[in-house]
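All residue numbers for the sequence shown refer to our numbering, where the first residue is 345 and numbers rise by one.
Where is the CB? At the ideal position from N, CA and C, for every residue including glycine.
Since the structure is predicted, the reported quantities are computational estimates derived from the model, not experimental observations.
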Amino acid sequence: MVMAVTPAFPTLPVTSVLFACTYNMIRSPMAAAIMRHFHGTRVYVDSVGVRDGDEVDPFAVAVMEEMGIDLSKHRCRTFEDLEDTNFDLIVSLSPEAQHRAIEMTRTMACDVEFWNTFDPTLVDGSREAMLEAYRQVRDGLLMKVKQRFPLSRGPSV
345 MVMAVTPAFP TLPVTSVLFA CTYNMIRSPM AAAIMRHFHG TRVYVDSVGV
395 RDGDEVDPFA VAVMEEMGID LSKHRCRTFE DLEDTNFDLI VSLSPEAQHR
445 AIEMTRTMAC DVEFWNTFDP TLVDGSREAM LEAYRQVRDG LLMKVKQRFP
495 LSRGPSV
């Protein structure tokens with residue numbers, strides 16, 4: 345029999361999340377857009393990369409559009425571009441971003457989670473094969489966002 349363990353201290357709700365990956369062109373913008381889609385303004389969401397990215401990846405735009413989310417206006421940014429670094433949680437999606445997040449949080453009260461997420465640019469092949477790789481990343485992020493940040497159903501009567 346498995347017993348549920350109640351934490352000694354209740355966990356505080358997450359009110360601000362930073363998603364981070366290597367270039368802020370695919371994974372972190374997708375995760376941030378999914379989070380905004382489900383949580384709107386209840387949670388402040390931002391995304392960055394470790395390195396400078398050119399522009400949002402067109403395949404990322406295409407697969408997000410399939411679920412009704414417009415990613416076309418996303419502008420790539422780095423950790424250095426952040427105006428505010430007060431986040432409750434940083435979710436890193438690549439090993440490089442994880443190292444940078446740990447480094448950044450040494451002097452701040454912020455949790456870091458590592459969701460190691462496949463880089464779909466590593467897939468070669470037809471357009472459809474590449475789109476499928478991006479869809480798998482999108483769907484994996486969608487599942488993780490829903491699990492980690494479930495929609496509240498409000499008080500029960």
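* Consult DSSP for Ser372 and reduce its assignment to one of helix, strand or coil. => The residue labelled residue 372 in the question sits at position 28 within the sequence shown. DSSP places Ser372 in the helix class (H, G or I) of the three-state scheme.
* Length at least 3, wholly inside the region 393 to 480: the beta strand (DSSP E) runs in chain order -> Uninterrupted beta strand (DSSP E) stretches at least 3 residues long and entirely within the region 393 to 480 occur at 433 to 436 and 455 to 458, given in chain order.
* To do: Inspect the beta-carbon positions of Asp407 and Arg479 and report whether they are closer than 8 Å.
  => The residue labelled residue 407 in the question sits at position 63 within the sequence shown. The residue labelled residue 479 in the question sits at position 135 within the sequence shown. In the sequence as presented, Asp is not what sits at residue 407; that position holds Val. Between Val407 and Arg479, the gap from beta carbon to beta carbon is short of 8 Å.
* Asked: Leaving out five residues before and five after Leu486 in sequence, what residues of the same chain have Cβ atoms less than 7 Å from its Cβ?
  -> Here residue 486 corresponds to residue number 142 of the sequence shown, with the count starting at 1. Hits under 7 Å: Ile378.
* To do: Answer yes if the region 354 to 370 comes into contact with the region 425 to 441, meaning at least three C-beta pairs across the two stretches below 8 Å, and no otherwise.
  => Note that the region 425 to 441 touches the region 354 to 370; at least 3 beta-carbon pairs, one per stretch, sit closer than 8 Å.
* Would you kindly check if the distance between the Cβ of Val467 and the Cβ of Ala473 is under 8 Å? => In the sequence shown, residue 473 corresponds to position 129, counting from 1. In the sequence shown, residue 467 corresponds to position 123, counting from 1. Ala473 places its beta carbon less than 8 Å from that of Val467.
* Asked: Does DSSP classify Val489 as helix, strand or coil?
  -> Residue mapping note: residue 489 aligns to position 145 of the sequence shown, counting from 1. Residue state, collapsed to three classes: helix.
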